[in-house]
Each structure stands twice: as structure tokens, then as C-alpha cells.
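Have a look at the structure below, then the notes.
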Amino acid sequence: MTEEELFTRIQTVFAEEFELEPDQLTPEATLFEELGLDSLDAVDMVVALEKEFGVKVKDEESLRSVRTLDDLLRLILTIRDQMNSRDQENPA
Amino acid sequence: MRLNRVVITGRGAVSPYGIGVPALLESCWAGKSAVRVMEEWRRIRGLGSFLAAPVPPFDPKEHLPRTARRNMGDMALYAAIATREAINDSGLSSEMLASGTVGIAFGSTTGSPAEYDRLYNEYLAGQSIEHVKSGMFFKIMGHSCAANVMTALGIQGEQWAPSSACTSSAQAIGLGYLLIRQGRQKAVICGGADEVHHTVTMVFDILGAASRQNDTPTRSPRPFDTARDGVVCGAGSGVLLLEDLESALARDAHIYGEITGFGHVGDPGHIANPNGTAMAAAMTAALEESGIDADRIDYVNAHATGTEQGDRAEAEAIFSILGTRPPVSSLKGLFGHTLGASGALESILTLEMMQRNEALPTCHLDRVEPDCPDINLIREVTPGRYDTVMKNNFALGGVNVALIYRKWSGT
């Protein structure tokens, strides 16, 4: 999946989960200030992303530094790459 | 100590007839049954009652913003929509709601049963909390309706959540009355809500107290009738906005009636069996608090749900306190037993009867059981002056409530 495809899926998750309009969901949009999420939404965002991408995000220390949708994309890319390299090191 | 007088200045409803008080009033005056068969319940082994009176589907997005809805099960949604109607009806300002002088007393049998169902299916079946969202607890907690309504509508007074199944909103009305009477609050939003769900009907079905007349849904339940065989559970939310009389007069608010008595009697004898003596004691207590004799009661809106024991016990209690004179009816034949919402929804209809000078009959009452005491069970819309009326509500667990409403005539 390309970076662009991944971002589109993040946008879809946000549009459905938080009932946001597509034009609000730019890479630069800040989650709390501009998109209006709060602490409960942050919990639900993690649940929705973990379900969508099949990754574990909840315990990631770097989650704390996520401010924008682009930050979120970078985090998921990093986790995905880590998972891929682990899979290569430990093939089933 | 000087006690404040308490009046009703707002009404709100979500009922098996849809959203709003007008839909409830029109449908009930038309004698329309809201009961239907829940085909999807037939898969549940052992369940014998497939009847219910659910709220017709609607789009919650049209009524509340996402941040309010995310923590609400259906019952809290109903509660918030009905409360907003009551607030608009009363004309209370948002400043007053935020002043701390307006509280809320709002109950339900439990938190949202549909949300419990969802949680347990995911958590217990999968032994995982990975997909459980942040709002789950707020949908299933005991004070889900009260807390969500406060948050959604900006109410900053006292929050109470009387949870006593079928008497939840009757207790809420009684509690709001006490809070205003004592001067703790200027106004209190009083109500209750519940949902239709098979785990709720199941409670009555296990006790042999749920109607199994599945082939004739619009002919059940049948309060006081020989052929009655149990309750039909309904859903919705009823709200009465109670206010200090002086506050209501100062605002020039419309007054639907005054609450003058709240009888509230416990029955430790048995957790499930109705007790006519305790019911009668609640009725007597309400009369005494109102400072009136039994002959002043012009109408009784009965709790009667259509169970064999409950209806008979209530008829005996009414007979022992009020005799054969005042007209008596139960509204549950129309839209079932809305449990936590029933006290408030049925009070809205009772107050309307006082305004219209017409008492509604018990729906499906074809033949009164021969053993029933000779109380005045009305069979058709009955014109008359209904200036002082009694509203009964009783619950499993030994809760017996009687409220007395007085028509407001300017003094």
C-alpha cells in the first residue's frame, strides 16, 4: 500500500468515526485544535486505527507526540515497517 | 419551615408513537395500539413473549451532535431529546439551566441493555477489550440518562438518578418535588427512560409475567381484563419539568398542574409479589400530604400492567381507599409498559386529561375479571371535571408510589 493510499484510509476512518468532512482532513490538520477531538476521541481513534490497519498503536510511546494527521500517518508507517522487518527476521 | 409549592411547566416525550408530546397525545386519544411482534426474538430459546412497543426508528444525527451522542445508548438519546422538548416547552433559558438552580432527577431500570449486549458479545465471547470504545461505560452506567442529559444540555444543578425499574420516573418526579419544596432547586427536570430489548422482556417472561398473546399483538396487554396474561414492554422517555410556583409565576410560564402529594411506601414482604396494602398505604400517604380526603380524587391513573396479581392488588387498593366512585384507567393497553419512562409518560397523558376534561379508558378491557373489586373502570373516553387526580406506579423490589396532581386554576 502506498503512502497516499494509507492516508486516504486514515481520512476515511476519521470521516466515519468523527463525522468530519473530507476537506477538513488535510495532512496539516491538528487533531485536537482543528479537528476538535478530545481525550475520549483519542481513545476511540486508536481503537479505530488498530482495527483498520491491524497494528498495535495503543502502547506506542510516540503516540504522545502526534499532533497532526500527517504525524499519525508517519507513526503508522513506522509501526508497519517495524512489523515487516520483524516478519522478515522471524519468518513463519 | 415554609415549603415551596411545585408546579409543572414543561413536558417532553419520546414514546412508541415517535418523538414529541403531540404524537403521544394524538395517538392515545385515537386509541391506537403501539404494540408489535419482535420477529427477531423468536431465535431465543425459552423466551415465550415476542411482543413489544419500541420507539420507531429515527436518525439520532438529526437531533444531537456527535460529541453528545457518542456516550449515549438509545435510552439516553430518548432522554436528551425528550428533555430538550420539555425545556423548550417551559421556556427556561440556557442561563437558568447553567445557574445551578435547575437540577435533574432521571432514572432508568439499568443502563442501556443494547449496549450491555454489544459489550458482552465482544468482551466475553472474544475475551478481548481491544475494540471497546471509550463511551461504553457512559452508555451502561446506572446514571447514564441523567449524566448524558446534563452534559448534552448544559444543566448545572443537582444530578440524581433514581433507578427502580418501573417506578424510576415516578420516583424522579417525587424527588424533584421534594428538592423544590425544600428550596434546594428552583426547577428540576424529572423523567425516566428505557429501551425495548429481549433481556428486559426476559425478566418478566421468566417470572411468568410477560404477555404471550403473540398472535394478536394489538390486543395486548389487557390491564384489568379477564384475558390478561402479562406485561408488554415498551420504550421511550417521559419528562416533566417541575418548578417552584413563584419562579413559574415570575416567568409567566404556562402551568400544566401542581403536585401536591407524593406517597412512597416500601414493601419488605416479598421482592416480586405486589402488595395491595403497601399500594394503599402509598395512596393514603399522598392524600395526607395533599391535605385532602379521598372523595376529592376525580380520577385514578392506574399502574396496572396487565399481570394477574398486580392488577388485582391495585384494584383492591383503589377500592379500599377510594371506593367505587372515581373513574379508573390504565394506559398500558395502548403502548405497553415503558418501565422507567412509564410514570412520566403516563403523567403527561393524565395532565392532558385534566386539561381536556376527558379521561381515557383502558384499552382492550372487554370483560373485567369477576373477582375484581367493583371499582369504576371506564371503557370509553369519559368527559368530566378532573381537578384532582392520582397517579400510581409500582415496581418489582417493593416500591409503591402515588402522586397527586391538581389542576392549576390561578391560585
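Chains as they are written, first to last, in our numbering: chain B, 1 to 92; chain C, 1001 to 1411.
Ideal Cβ placement from N, Cα and C applies to all residues, glycine included.
Predicted model, so just to flag it, every value in this text is computed and none were measured.
Own chain, CB closer than 7 angstroms to residue i, minus 5 neighbours either side, in chain order
i              : result
residue 1056/C : 1018
residue 70/B   : 27, 28
residue 1146/C : 1104, 1106, 1159, 1160, 1161
residue 1176/C : 1105, 1188, 1190, 1242
residue 1218/C : 1033, 1035
residue 72/B   : 10, 66
residue 1346/C : 1301, 1331, 1391
Close Cβ partners of residue i (< 8 angstroms) along its chain, the five nearest in sequence each way excluded
i              : result
residue 1357/C : 1383, 1384, 1385, 1386
residue 1039/C : 1050
residue 1069/C : 1060, 1061, 1077
residue 1153/C : 1080, 1083, 1084, 1087, 1097
residue 1349/C : 1024, 1025, 1028, 1301, 1331, 1360
residue 1180/C : 1004, 1006, 1186, 1187, 1188, 1242, 1243, 1244
Cβ distance (whole Å) where residue i is taken to contact residue j below 8 angstroms
i              : j              : result
residue 1085/C : residue 1013/C : 7 angstroms
residue 1275/C : residue 1342/C : No, residue 1275/C and residue 1342/C are not in contact; Cβ-Cβ is about 19 angstroms, not under 8 angstroms.
residue 1036/C : residue 1052/C : 7 angstroms
residue 1280/C : residue 1317/C : 4 angstroms
residue 1315/C : residue 1373/C : 5 angstroms
residue 1389/C : residue 1297/C : 7 angstroms
residue 1008/C : residue 1245/C : Contact doesn't hold; Cβ gap of about 11 angstroms is too wide.
residue 1329/C : residue 1361/C : 5 angstroms
residue 1263/C : residue 1402/C : 4 angstroms
residue 1109/C : residue 1200/C : 7 angstroms
Under 8 angstroms by beta carbon: chain C residues contacting residue i
i            : result
residue 23/B : The contacting residues do not exist; residue 23/B stays about 17 angstroms from chain C at best.
residue 63/B : Near residue 63/B there are no residues of chain C at all, since even the closest Cβ is about 15 angstroms away, more than 8 angstroms.
residue 43/B : 1133, 1134
residue 40/B : 1070, 1071, 1134, 1135
Residue interval of the alpha helix (DSSP H) (run including residue i)
i              : result
residue 1273/C : Per DSSP, residue 1273/C belongs to no alpha helix (DSSP H) and is neither H nor E.
residue 1301/C : Premise fails: residue 1301/C lies in the beta strand (DSSP E), 1299-1301, not in any alpha helix (DSSP H).
residue 1076/C : 1074-1090
residue 1176/C : 1168-1181
residue 8/B    : 3-18
residue 1317/C : 1308-1322
residue 1294/C : Note, residue 1294/C: premise wrong, no alpha helix (DSSP H); not H, not E.
residue 65/B   : No alpha helix (DSSP H) contains residue 65/B, which DSSP labels as neither H nor E.
residue 1113/C : 1113-1126
residue 1356/C : 1342-1356
residue 1149/C : 1144-1153
residue 1334/C : 1332-1335
Residue i - containing beta strand (DSSP E), residue span
i              : result
residue 1194/C : 1187-1194
residue 1402/C : 1399-1406
residue 1390/C : 1388-1395
residue 1264/C : 1257-1266
residue 1015/C : 1006-1015
residue 1243/C : 1236-1244
residue 1327/C : 1327-1329
residue 1051/C : 1051-1053
residue 1105/C : 1102-1107
Residue i burial status per 10 Å Cβ neighbour count (16 or more: buried)
i              : result
residue 1335/C : buried
residue 39/B   : exposed
residue 1140/C : buried
residue 1237/C : buried
residue 1003/C : exposed
residue 1256/C : buried
residue 1270/C : exposed
residue 82/B   : exposed
residue 1071/C : buried
residue 1131/C : exposed
residue 1112/C : buried
residue 1206/C : exposed
residue 1120/C : exposed
residue 51/B   : exposed
Chain C contact residues for residue i, given Cβ-Cβ distances below 7 angstroms
i             : result
residue 114/B : Since the first residue shown for chain B is 1 and the last is 92, residue 114/B is missing from the structure and cannot be characterised.
residue 47/B  : 1131, 1133
Residues that residue i contacts on chain B, provided the C-beta gap is smaller than 8 angstroms
i              : result
residue 1066/C : 18, 19
Chain-order list of residues whose beta-carbon lies under 6 angstroms from that of residue i (same chain, five-residue window excluded)
i              : result
residue 37/B   : 31
residue 1027/C : 1017
residue 46/B   : 57, 58
residue 1319/C : 1373, 1375
residue 1258/C : 1007, 1406, 1408
9 angstroms Cβ cut-off: residues of chain C touching residue i
i            : result
residue 50/B : 1130, 1131
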